[in-house]
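Here the structure is laid out as structure tokens; the discussion comes afterwards.
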Amino acid sequence: MATSETNPMMPQTETMPMTNVSHTTPALHPLAGKPLELADTLRSGNAWKIRLACGFMGLALTRRTFDIVQGDLETEAFGRINPWRQVPALLTPEGEWLAESQAILWYLGRGTPWLPEGRLEQAQVASWLSFEQTQHMHAYAQPRLLIHLRRTARVDDPAMVQWRTIGLRAAAWMDAHLAGRSFLVGDAPTIADIALYPYTSMADEGGYDLSAFTHISAWLARMRALPGFTPLLETA
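Mapping the sequence shown onto the working numbering, position 104 (from 1) lands on 669, and the numbers just tick up by one.
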């Protein structure tokens, strides 16, 4: 959820340093130097995925940060950005607003090692993107929203316990998969890792304790250590 710390009509510009999109040799992103504008809210985990991606890929990004509490997403102006009334949405160099975090990650990853070209590897990335949306995200986002952001639920509320039961099952699958490997697909990070990082890293805000999942902990540390990592909240 966002706060009123930013003026929704005054985009904030962040220019992120060019990073090595090939992971091993210098390369320019196909979108390097082209305008990208992100409609987001201050604390949105789904929008954070896009900021992470742009940081890792070395893409300059203009942010237009909206305030949910003030009702910004219900305005006519925001409806023209995304009629689904959700963030993130990305204004592409083609002049079109693109909604849904996974679609935006796919768009940004095209033509880079963040979205492998191999048939199998690309399908595996798609599988993890689906996993994040169907098995993982809601189980982490809802407790975080209600316990940490809105403060309308308690950690031990039955509904929160039920969400964490689902989320811990997803964490167990992730942890087992990460045993003996550094990233979710192949030997290098992909948009699948970017998609799963935000809500996994904020699990404690929803009452989770993932400390027993040592492979996840190591993976989170590897993601934070990548060049261009962007925190959720910028510090002055």
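For every residue, glycine included, the Cβ atom is placed at its ideal position computed from N, Cα and C.
Q. In angstroms, rounded to a whole number, what distance separates the CA positions of V652 and P754?
A. 24 Å
Q. Cα-Cα, which of P796, R746 and G623 is closest to T779?
A. R746
Q | Contact under 8 Å by Cβ, I615 with S666 | A | yes
**Q.** Neighbour-count burial assignment, S609, 16 or more Cβ in a 10 Å radius
**A.** buried
Q: Decide if P681 is buried, meaning its Cβ has at least 16 other Cβ atoms within 10 Å, or exposed.
A: buried
Q: Quickly, what does DSSP pair R616 with across the bridge? List them, please.
A: In DSSP, R616 forms no bridge with anything.
Q: Taking all protein chains shown into account, decide if T580 is buried (16 or more other Cβ within 10 angstroms of its Cβ) or exposed.
A: Interpretation of T580 is limited by its pLDDT of 44, a score under 50 that renders its predicted location unreliable; no figure is taken from the coordinates.
Q | Cβ contact (3+ pairs, closer than 8 Å) linking the segment 632 to 641 and the segment 781 to 801 | A | no
Q. Where DSSP assigns a beta bridge to D605, which residues make up the other side?
A. T630
Q) What distance in whole Å lies between the Cβ atoms of W662 and L670, which are believed to be in contact at a cut-off of 8 Å? A) Actually they are not in contact, since the Cβ atoms of L670 and W662 sit about 16 Å apart, beyond 8 Å.
**Q.** Whole-angstrom C-beta distance between T627 and E659, which should lie under 8 Å
**A.** That belief does not hold up - the Cβ atoms of E659 and T627 are roughly 16 Å apart, past 8 Å.
Q.
Relative to the C-alpha of R716, which candidate in G772, I646 and W679 has its C-alpha closest?
A. G772
(Q) Can you give me the C-alpha to C-alpha distance between A736 and T606, rounded to a whole angstrom? (A) 26 Å
Q. How is A654 classed by DSSP in three states: helix, strand or coil?
A. strand
Q. Nearest to A597 by alpha carbon, out of A625, L617 and N611?
A. A625
Q: Output the distance between the C-alpha atoms of A604 and I712, rounded to the nearest integer angstrom.
A: 25 Å
Q) Under the three-state reduction of DSSP, which class applies to L798: helix, strand or coil? A) coil
Q. Is the beta carbon of A760 less than 8 Å from the beta carbon of I731?
A. no
Q. Under the three-state reduction of DSSP, which class applies to N749: helix, strand or coil?
A. The sequence shown places Leu at residue 749, rather than the Asn named in the question. Three-state DSSP puts L749 in coil, outside helix and strand.
Q | Per DSSP, the bridge partner or partners of W822 | A | Residue 822 is absent from the model: the chain starts at 566 and stops at 801.
Q. Which word fits A706, buried or exposed, when buried means at least 16 other C-beta atoms lie within 10 angstroms of its C-beta?
A. buried
Q) Is it buried or exposed for R789, if we count other Cβ within 10 angstroms and need 16 for buried? A) exposed
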